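What follows is one structure encoded as structure tokens, with my remarks underneath.
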Amino acid sequence: MAADVLDATFAALADPTRRAILARLMEGEATVTELAAPFAMSQPGISKHLRVLERAGLVSRGRDAQRRPCRLEAAPLKEAVDWLAGYRSYWEESYQRLDALLGELGHDGPDAAERETP
Amino acid sequence: MTPRREQGEGLTVRALPGTGLVLTRTFAAPRRLVFDAFTRPELLRRWHGARGWHLVVCEVDLRPGGAWRFVSRGPDGAEMGLGGVFHEVDAPGRLVQSEVHDGWEEGEALVTTVFDERDGRTAMTTTARYPSREIRDSVLRTPMERGAGEAYDRLAGVLTEMTMKGEPR
Numbered sequence: 001m002a003a004d005v006l007d008a009t010f011a012a013l014a015d016p017t018r019r020a021i022l023a024r025l026m027e028g029e030a031t032v033t034e035l036a037a038p039f040a041m042s043q044p045g046i047s048k049h050l051r052v053l054e055r056a057g058l059v060s061r062g063r064d065a066q067r068r069p070c071r072l073e074a075a076p077l078k079e080a081v082d083w084l085a086g087y088r089s090y091w092e093e094s095y096q097r098l099d100a101l102l103g104e105l106g107h108d109g110p111d112a113a114e115r116e117t118p
Numbered sequence: 001m002t003p004r005r006e007q008g009e010g011l012t013v014r015a016l017p018g019t020g021l022v023l024t025r026t027f028a029a030p031r032r033l034v035f036d037a038f039t040r041p042e043l044l045r046r047w048h049g050a051r052g053w054h055l056v057v058c059e060v061d062l063r064p065g066g067a068w069r070f071v072s073r074g075p076d077g078a079e080m081g082l083g084g085v086f087h088e089v090d091a092p093g094r095l096v097q098s099e100v101h102d103g104w105e106e107g108e109a110l111v112t113t114v115f116d117e118r119d120g121r122t123a124m125t126t127t128a129r130y131p132s133r134e135i136r137d138s139v140l141r142t143p144m145e146r147g148a149g150e151a152y153d154r155l156a157g158v159l160t161e162m163t164m165k166g167e168p169r
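Right under this line is the structure:
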């Protein structure tokens, strides 16, 4: 996955309003008016966030000239999540080894770290 | 006390906008032990790495200005080296260190690790700032992709091993 696409995805997700918009769109398409309703924000304010989401490829707009409904584009979101998940699972595996080690050190008493196992 | 294996809470990884990365993980141990496990070579060698990767070089001069160097060897014999210098060493609560991976053309990462203890458990928060987006992304890609084929088999193996080690010996 290209670095600039990932970066656009993470930057888009860094804002709570944009995350809330994505959460709303997970339930289905919505117009700008519908999206703006739960927020204390003007439609132009919401439109600005939508443009960021569109540039990141996370949201697309319908062709209906009147309503231009917004819909969630899940693919880049999934790629970003999968990509972080790979890193996470590698280190989680390493930390599980550390869990086991800490368990041994703890059960062997506070001086366990001083003693070397062969 | 019955030696029951206690696990910490799962790792979370968050990419900050730009070049940062934040890792959080809780360990079921006091921070003195966790700090030792992160800074003493004889302990680091026992846990650092996964999926066939393990430390073959682990040098830690734990003092401000002191150098550290790790070399990990992977399942196919590939090696990955990284190292840096400690800026702050405040045992057992805080470490600040630079990090440079072999092959980076320029720049270094700044890594801050904080250990907070509550009720005998230790929450680790590691914040890494990489010199560029490309470098952060390359760190995120390696070494997981190199050993990805055997990843899940090995995870299952580790879980079984951990369960067995949880029994009294």
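Keeping their order, the protein sequence lines are chains A and B.
The first sequence begins at 1 in the UniProt record's numbering and counts up one residue at a time.
The second sequence begins at 1 in the UniProt record's numbering and counts up one residue at a time.
All C-beta atoms, glycine included, are put in the ideal place defined by N, C-alpha and C.
Computed from a prediction, not measured in an experiment: that's the story for all the values here.
Beta-ladder partner(s) of residue i, from DSSP
i	result
Asp90/B	Arg94/B
Phe70/B	Cys58/B, Leu82/B
Phe115/B	Met124/B
Ala15/B	Leu21/B
Val100/B	Gly83/B
Ser60/A	Arg71/A
Phe27/B	Thr122/B
residue 170/B	The structure shown does not extend to residue 170/B, since chain B spans only 1 to 169, so no value can be given for it.
Listed by chain order, chain B residues near residue i by CB distance under 8 Å
i	result
Arg88/A	Leu11, Thr12, Val13
Leu22/A	Neighbours of Leu22/A on chain B: none; closest Cβ ~16 Å, over 8 Å.
Ala14/A	Leu16, Pro17
Asp64/A	The contacting residues do not exist; Asp64/A stays about 33 Å from chain B at best.
Cutoff 8 Å: residue i Cβ touching any chain B Cβ
i	result
Glu54/A	no
Leu84/A	yes
Arg97/A	yes
Leu50/A	no
Asp75/A	In the sequence as presented, Asp is not what sits at residue 75/A; that position holds Ala. Chain B contact via Cβ: absent.
Neighbourhood of residue i by C-beta distance below 8 Å, restricted to the same chain and skipping five residues each side
i	result
Met26/A	Leu72
Leu43/B	Asp36, Ala37
Collapsed DSSP secondary structure at residue i in the structure displayed
i	result
Gly77/B	coil
Ala75/A	helix
Glu108/B	coil
Ala30/A	strand
Arg24/A	helix
CB contact check: residue i to chain A, cutoff 8 Å
i	result
Pro3/B	Because Pro3/B sits at a pLDDT of 42, beneath the cut-off of 50, its placement in the model cannot be relied upon, and the following sentence gives the value as read from the coordinates. Yes, Pro3/B counts as interfacial toward chain A.
residue 186/B	Residue coverage of chain B in this structure runs from 1 to 169, which leaves residue 186/B outside it and unanswerable.
Val57/B	no
Arg121/B	no
6 Å CB neighbourhood of residue i in its chain, flanking five on each side removed
i	result
Gly107/B	Pro131
Leu23/B	Val13, Thr126
Chain B contact residues for residue i, given Cβ-Cβ distances below 9 Å
i	result
Gly57/A	By Cβ distance, chain B contributes nothing, its closest Cβ being about 16 Å from Gly57/A, past 9 Å.
Contacts that residue i makes with chain A (C-beta to C-beta distance below 7 Å)
i	result
Arg46/B	Leu101
Arg118/B	The contacting residues do not exist; Arg118/B stays about 16 Å from chain A at best.
Interface partners of residue i on chain A, CB under 9 Å
i	result
Ala37/B	Leu98, Leu101, Leu102, Leu105, Ala113
Arg31/B	The premise fails here: Arg31/B is roughly 11 Å from chain A at the closest Cβ pair, so nothing lies under 9 Å.
Listed by chain order, chain B residues near residue i by CB distance under 7 Å
i	result
Phe10/A	Ala15, Pro17
Amino acids of chain A, ordered along the chain, whose beta-carbon sits closer than 8 Å to that of residue i
i	result
Val60/B	Per Cβ cutoff of 8 Å: no residues; Val60/B is ~14 Å from chain A at best.
Same chain, Cβ closer than 7 Å to residue i, five either side skipped, listed in chain order
i	result
Gly49/B	Leu55, Ser72
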